[in-house]
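Student: Got a structure here, written out as structure tokens. Questions coming.
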Amino acid sequence: MKNDFKNVPKHYAARSDEKMKEVLMDPAGTGPAIHYYMIRGGSEQKNITIWEPGTISGEYIKTYGHYHIGDLSETYWVLFGKGVALLQKLAEDENGEMTADVVEEFRAISVGAGQEVFMPKKFGHLLANVGETYFVTADDSPVDFEERDPASFPGHADYDFVQKMRGFAYYVVENNGEPALKKNPLYKSIKKEDLGGLKVIE
Ligand SMILES: [Fe+2]
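Numbering (numbering that gives the first Met the number 0), first residue to last: 0 to 201.
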């Protein structure tokens, strides 16, 4: 192990409440100053993400969510806490371009410490912290440190579709102390879904 810290890229990144308002169920809700913290090490060292616990107008604290550019899959290992992973694949038009508001396939998966969740290529993904403690994961996503503001928004990820649709097709919300799902009205349709046993509330 080399101890040359002069050329070490910036590994720490944090997602602010201001940025997260773009994708919250209630953009006027009050969240913590930072929703989640990341140490980005890339495929080799892995990336560590730590979520704050809590809800914002009933919605559990989550990651922003993104799609990968290219045929890149990813694995998340849950180290601590309880979460719900949301995966969604958008429908594609005749030119192979993703359609922002039509979901080809949606999956919700409940996960806890010791479990892993695989994000297949083409599936946008986010994770929500549905427990009462920090939620902590490791993942093997590559990080391009050459990009502008690389630690915060790695070059392999596309955030525009999620921003445009103000989140995924469902929000993960608290219902009598348990996680449930609530539809995002901006989406036109979901062709196929597996909600992992989670209840859908109005
Ligand atoms: Fe990813």
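Think of the CB as a built atom: it goes at the ideal place given N, C-alpha and C, for glycine as much as any other residue.
What three-state label does DSSP hand Lys163 in the structure shown?
Tutor: Position 164 of the sequence shown, counted from the first residue, corresponds to residue 163. Lys163: helix per DSSP, three-state reduction.
Student: Cβ of Ala156 within 9 Å of Cβ of His34?
Tutor: Along the sequence shown, one-based indexing puts residue 156 at 157. Along the sequence shown, one-based indexing puts residue 34 at 35. No, the pair does not count as a contact, with Cβ atoms beyond the cut-off.
Student: Less than 8 Å between the CB of Asp16 and some heavy atom of ligand 1, yes or no?
Tutor: The sequence position of residue 16 within the sequence shown is 17, counting from 1. No, Cβ of Asp16 sits at least 8 Å from all heavy atoms of ligand 1.
Student: Pick out the complete beta strand (DSSP E) segments inside the stretch 99-131, 3 residues or longer, and give them in chain order.
Tutor: Fully enclosed beta strand (DSSP E) runs of 3 or longer: 115-118, 123-128.
Student: Have a look at Tyr158 and Ser188 and give me their C-alpha separation to the nearest angstrom.
Tutor: The count along the sequence shown starts at 1 and reaches residue 158 at position 159. The count along the sequence shown starts at 1 and reaches residue 188 at position 189. Cα to Cα, Tyr158 sits roughly 20 Å from Ser188.
Student: For my contact list, Tyr169 and Ala107 are in at a C-beta cut-off of 8 Å; report their separation, rounded to the angstrom.
Tutor: Translated into the one-based positions of the sequence shown, residue 169 becomes position 170. Translated into the one-based positions of the sequence shown, residue 107 becomes position 108. With a Cβ gap of about 7 Å, Tyr169 and Ala107 count as contacting.
Student: Between Pro119 and the rest of its own chain, which residues show a CB-CB distance below 7 Å, the 5 nearest in sequence each way excluded?
Tutor: The residue given as residue 119 occupies position 120 in the sequence shown. Hits under 7 Å: Ser72.
Student: Which of helix, strand or coil does DSSP assign to Pro149?
Tutor: Taking the sequence shown and counting its residues from 1, one reaches residue 149 at position 150. Note that Pro149 has pLDDT 49, beneath the 50 cutoff, so the model's placement of it is unreliable and the number below is only indicative. Residue state, collapsed to three classes: coil.
Student: With a threshold of 8 Å on Cβ separation, who are the neighbours of Asp138 within its own chain once the five nearest residues in sequence on each side are excluded?
Tutor: As a position in the sequence shown, residue 138 is number 139, starting the count at 1. For Asp138, where only same-chain residues beyond five positions count, the Cβ hits under 8 Å are Lys45, Asn46, Thr48, Glu73, Thr74, Tyr75, Trp76.
Student: Ligand 1 and His65: does any heavy atom of the ligand fall closer than 8 Å to the residue's C-beta?
Tutor: Within the sequence shown, residue 65 is the residue found at index 66, counting from 1. Because some heavy atom of ligand 1 lies under 8 Å away, the Cβ of His65 counts as near it: yes.
Student: Does DSSP put Met97 in a helix, a strand or coil?
Tutor: Here residue 97 refers to the residue found at position 98 of the sequence shown. Note: Met97 maps to strand in three-state DSSP.
Student: Could you compute how far the alpha carbon of Lys81 sits from the alpha carbon of Ala99?
Tutor: Along the sequence shown, read from residue 1 onward, the residue named residue 81 stands at position 82. Along the sequence shown, read from residue 1 onward, the residue named residue 99 stands at position 100. Each residue's alpha carbon lies about 29 Å from the other.
Student: Measuring alpha carbon to alpha carbon, tell me which of Met24, Tyr186, Glu115, Gly196 ends up nearest Ala90.
Tutor: Taking the sequence shown and counting its residues from 1, one reaches residue 90 at position 91. For the residues Met24, Tyr186, Glu115, Gly196, the minimum Cα distance to Ala90 belongs to Tyr186.
Student: Is it the case that the Cβ atoms of Val161 and Val129 are separated by a distance below 9 Å?
Tutor: Stepping through the sequence shown from its first residue, residue 161 is reached at position 162. Stepping through the sequence shown from its first residue, residue 129 is reached at position 130. No, the Cβ-Cβ distance between Val161 and Val129 is not below 9 Å.
Student: In angstroms with no decimal places, state the Cα-to-Cα distance between Gly30 and Tyr36.
Tutor: As a working mapping, residue 30 is identified with position 31 in the sequence shown. As a working mapping, residue 36 is identified with position 37 in the sequence shown. When rounded, the distance between both Cα atoms is 14 Å.
Student: Return the chain-ordered list of same chain residues with a C-beta closer than 6 Å to the C-beta of Leu126, the five sequence neighbours on each side being excluded.
Tutor: Residue 126 sits at position 127 when you count from the first residue of the sequence shown. Closer than 6 Å at the Cβ level, and outside the excluded window around Leu126, lie Thr62, Gly82, Ala84.
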